[in-house]
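Reviewing the structure listed below.
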Amino acid sequence: MPSIETLSIHQPAKRLKTTATSSSTSIIDEGALPGNWSMTLTSEGLTLHAVTRNMIEFTSFAKDFSQQLQYNNQTDTKLWEWFDDEPVDDDDDDPLDEDEYLVTVPVYTTASLLRDSSVSIHLEDTISINDSLYEHISPHVSNMITHLRLVYDSLDNGSFSINHTHIATLLLHMRHYILFDAHAPIPQLARFCLCTAYAASAIYLNHAADTSSLVDDCVIYASGLLVDLVLQRQTESDPIVIGAILLTSLQRPRMIHLAARALCASSDWDHKEEKWQQLAALVLYFEAYSSAFYEWQDIGEARNWLLQAASRLSTSKVKSSAALGLEAQLMCFLKQVFTLFYCQESDDNTASTRKVDVDDVLNLVRDIEVWEHKLPEWMQWSSAHKDLDGRSLVLKMHIHMIHNIVKILLFRPFSIPTDHDNDELQTYTRTTFLDLSMASVDRLTTCLDYSKSDNDWSRAGRRLGRDVVYRVQQTFPCDEELMHKLEEINKQLQ
Numbered sequence: 001m002p003s004i005e006t007l008s009i010h011q012p013a014k015r016l017k018t019t020a021t022s023s024s025t026s027i028i029d030e031g032a033l034p035g036n037w038s039m040t041l042t043s044e045g046l047t048l049h050a051v052t053r054n055m056i057e058f059t060s061f062a063k064d065f066s067q068q069l070q071y072n073n074q075t076d077t078k079l080w081e082w083f084d085d086e087p088v089d090d091d092d093d094d095p096l097d098e099d100e101y102l103v104t105v106p107v108y109t110t111a112s113l114l115r116d117s118s119v120s121i122h123l124e125d126t127i128s129i130n131d132s133l134y135e136h137i138s139p140h141v142s143n144m145i146t147h148l149r150l151v152y153d154s155l156d157n158g159s160f161s162i163n164h165t166h167i168a169t170l171l172l173h174m175r176h177y178i179l180f181d182a183h184a185p186i187p188q189l190a191r192f193c194l195c196t197a198y199a200a201s202a203i204y205l206n207h208a209a210d211t212s213s214l215v216d217d218c219v220i221y222a223s224g225l226l227v228d229l230v231l232q233r234q235t236e237s238d239p240i241v242i243g244a245i246l247l248t249s250l251q252r253p254r255m256i257h258l259a260a261r262a263l264c265a266s267s268d269w270d271h272k273e274e275k276w277q278q279l280a281a282l283v284l285y286f287e288a289y290s291s292a293f294y295e296w297q298d299i300g301e302a303r304n305w306l307l308q309a310a311s312r313l314s315t316s317k318v319k320s321s322a323a324l325g326l327e328a329q330l331m332c333f334l335k336q337v338f339t340l341f342y343c344q345e346s347d348d349n350t351a352s353t354r355k356v357d358v359d360d361v362l363n364l365v366r367d368i369e370v371w372e373h374k375l376p377e378w379m380q381w382s383s384a385h386k387d388l389d390g391r392s393l394v395l396k397m398h399i400h401m402i403h404n405i406v407k408i409l410l411f412r413p414f415s416i417p418t419d420h421d422n423d424e425l426q427t428y429t430r431t432t433f434l435d436l437s438m439a440s441v442d443r444l445t446t447c448l449d450y451s452k453s454d455n456d457w458s459r460a461g462r463r464l465g466r467d468v469v470y471r472v473q474q475t476f477p478c479d480e481e482l483m484h485k486l487e488e489i490n491k492q493l494q
């Protein structure tokens with residue numbers, strides 16, 4: 001028998017047949033072995049398939065087969081030969097050309113597919129330490145503290161939109177570092193936490209009565225103060241990480257790098273503690289979120305390290321924590337899709353092409369499928385939606401909305417018409433991925449109906465859904481029944 005070690009695990013499984021020896025002939029003549037049996041050599045090892053009618057026959061077969069293996073000449077490999085249904089090409093084992101491992105796909109910018117041009121983005125590139133700015137903020141400190149007291153009361157009571165669970169989680173972690181005494185001296189760290197928490201809560205959770213200029217001043221001042229605190233190296237890492245993530249959410253996307261570095265360098269880091277798991281998940285979320293809707297950010301190898309901690313949340317019995325862990329995993333899939341198939345910016349609207357390793361694509365598809373199959377029972381799409389309370393249902397739909405956005409972006413490069421569309425195989429492949437995309441759009445519309453939210457993710461989902469509908473309409477213009485269904489879906493996506 002050929003050595004298993006000599007066979008590539010990437011080769012398809014092949015059947016083996018034996019040349020009957022005198023001893024094997026005697027066994028067959030005695031009728032001990034069933035006539036319907038075979039062996040297959042796979043990447044997992046050698047498997048034996050036999051058909052027996054009862055336990056007596058099975059026991060006899062197992063005994064006689066074991067004896068046969070023992071009596072065989074183990075060094076005589078000529079007794080074994082490959083069984084092929086088709087003639088073997090002598091060139092089968094030749095290495096493939098490099099291009100045969102690659103697939104050419106069109107490349108589009110993420111902004112053209114995900115961003116809503118009607119939503120203004122004001123990114124500040126420069127960060128300056130401006131102590132004089134605090135003179136404009138200090139007269140409002142008392143009102144800011146009063147505002148934050150009300151915010152934390154609502155967070156404790158759970159009376160906030162579940163769509164803002166990221167901000168709520170960060171603010172709860174920040175509370176310990178906020179000085180709620182308006183008459184006491186406020187050190188730098190407490191100023192930073194106060195300004196950051198106030199700005200985030202005023203924008204996302206409860207719009208304050210103050211003018212937006214105060215919020216802008218808080219963001220600018222906190223950004224400069226954060227850099228100053230990092231340079232001093234005298235501040236514990238927790239508020240630095242929390243504040244940097246909050247500033248990232250306030251259109252300061254480059255702050256996510258400070259958050260990732262401070263988190264990885266923290267002396268208090270404990271991947272088994274829920275607080276650190278949540279912070280790791282939130283860094284991963286806002287890194288991908290910023291890349292999708294603001295500007296590209298890449299924290300490098302820190303992503304894999306943080307993912308190990310964040311993934312522990314996915315099995316939490318607390319649904320909001322489990323959702324953070326699952327979402328962090330999705331964010332890493334989204335970054336992989338971006339890296340493989342999309343570019344950051346383009347000088348013109350002409351789509352270029354890129355060669356992608358087939359193994360990378362197949363591995364990503366496999367990993368996403370495995371992720372979906374391993375979802376907790378309450379998060380499974382097949383589980384009854386009515387069994388969940390309102391907040392848990394919104395969490396579930398939010399996760400599945402992002403999941404289907406990732407899948408549509410993954411399928412899109414393979415469902416775009418190419419120069420090879422005259423090839424029947426290419427046409428079949430494109431149609432298959434369009435079908436998969438439409439299945440994701442169907443689920444996406446359900447998620448949007450349940451969430452009733454108007455945020456970057458929901459707007460991106462609607463844009464991608466309409467894009468899929470348009471491409472299906474262009475591919476099957478003569479199918480009237482399909483056209484009617486697509487029109488109905490389009491109305492839901494408006």
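Letter by letter, the sequence shown follows residues 1 to 494 of full-length UniProt numbering.
The beta carbon of each residue, even a glycine, is placed where N, CA and C say it ideally should be.
- When C-beta atoms of the segment 392-401 are compared with those of the segment 318-333, three or more pairs fall below 8 Å, so the two segments count as touching.
- By the neighbour-count definition (other C-beta atoms within 10 Å, threshold 16), Ile242 is a buried residue.
- The Cβ-Cβ distance between Leu324 and Leu313 falls below 8 Å.
- The alpha helix (DSSP H) runs of length 4 or more contained entirely in the segment 258-328 are, from start to end of the chain, 274-293 and 302-310.
- Between Val105 and the set Gln232, Thr52 and Val337, the nearest pair of CA atoms involves Val337.
- Thr248 counts as buried, since no fewer than 16 other beta carbons sit within 10 angstroms of its beta carbon.
- Within the same chain, Ser154, Ala168 and Leu205 come within 7 Å of Phe160 by CB-CB distance, once the 5 residues on both sides are set aside.
- According to DSSP, Ser352 shares a beta bridge with Val107.
- Taken through DSSP and simplified to helix, strand or coil, Ala184 comes out as coil.
- According to DSSP, residue pairing for Ala50 in a beta bridge involves Trp37.
- By the Cβ test, the segment 135-149 is in contact with the segment 181-188, since at least three Cβ pairs between them sit closer than 8 Å.
- Residue environment for Lys386: exposed (fewer than 16 other C-beta atoms within 10 angstroms of its C-beta).
- Distances from the alpha-carbon of Arg466 to those of Leu114, Gln67, Val51 and Thr59 put Leu114 closest.
- Less than 8 Å separates the beta-carbon of Ile245 from that of Ala259.
- Tyr342 is bridged by DSSP to Tyr108.
- Around the beta carbon of Asn157, fewer than 16 other beta carbons sit within 10 angstroms, so the residue counts as exposed.
- Looking only at Leu231, Ser290 and Thr315, the smallest Cα-Cα distance to Lys272 is reached by Thr315.
- In this structure, Tyr198 lies near Leu148, with their beta-carbon atoms less than 8 Å apart.
- Scanning Gln234, Leu102, Lys275 and Gln278 for the CA closest to the CA of Asp357 turns up Leu102.
- When secondary structure is reduced to three states using DSSP, Asp454 falls in the coil class, being assigned neither helix nor strand.
- From the listed residues Cys343, Gln474 and Gln277, the smallest Cα separation to Glu295 is found for Cys343.
- Leu409 sits away from Thr445, with the two beta carbons spaced by 8 Å or more.
- Within the DSSP bridge table, the entry for Leu102 names Asp357 as partners.
- Rounded to the nearest whole angstrom, the C-alpha separation of Ser290 and Gln380 is 27 Å.
- Contact check for Gln188 and Leu229: beta-carbon distance about 6 Å, within the 8 Å limit, so the pair qualifies.
- Nearest C-alpha to Ile405 among Thr429, Arg261, Leu284 and Leu334: Leu334.
- In summary, Thr432 is exposed, with fewer than 16 beta-carbon neighbours lying within 10 Å of its beta-carbon over all protein chains present.
- DSSP, read as helix, strand or coil, puts Trp381 in coil.
- For Ala384, the number of other beta carbons within 10 angstroms of its own is below 16, and it is reported as exposed.
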